[in-house]
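In our numbering, the protein residues as written are 29 to 186.
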């Protein structure tokens, strides 16, 4: 086979791969966003890494998926592992920029959300999000009231 034919086949496979990947992501986004009314969605991000809940046994996990900030809470849905987490805005206590979760270092700095879980106990969830400042600003804007403020702190190892 001529090298130009092989080259053209490889280019075709590469382009097909990109188109398929984009289609898969769009389909996944629409499916999750379709669970909510469009007017309730403030921000959504794809490519979010969820490191798990502090209350879960074991070390950190690396669940990739998407996160949606709704006017009434935070929602996370894993892409392949189907993990779901919803934190109602009334249960959110504080936000921290951190580089660890469950006493293990994370890949990059991430946001840790301190909240009251469904058992009524304090818990912590860590997410690596694109544009974290935009998320913090939006959470403060939509969730803070005169009587309830969300402190944003830093928690770093060592």
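In this text, a Cβ means the ideal position worked out from N, Cα and C, and glycines have one as well.
Sixteen is the threshold: since fewer than 16 other Cβ atoms of the shown chains lie within 10 Å of the Cβ of residue 173, the residue is exposed. Scanning its chain for C-beta atoms nearer than 8 Å, with the 5 sequence neighbours on each side dropped, one finds around residue 145 the residues 81, 83, 119 and 151, in chain order. As computed with DSSP, residue 132 is found in a beta bridge with 129. Each of 166, 138, 149 and 103 was checked against the Cα of residue 181, and the nearest Cα belongs to 138.
Secondary structure in the stretch 143-180: the beta strand (DSSP E) runs of 3 residues or longer, each lying completely within the stretch, are 150-156 in chain order. For the 8 Å CB-CB criterion, residue 123 and residue 164 form a contact. At the C-beta level, residue 95 and residue 155 come within 8 Å of one another. Apart from the 5 residues on each side of it in sequence, residue 76 sits with its Cβ closer than 8 Å to the Cβ of 92, 93, 94, 95, 104, 155, 156, 157 and 158 in its chain, given in chain order.
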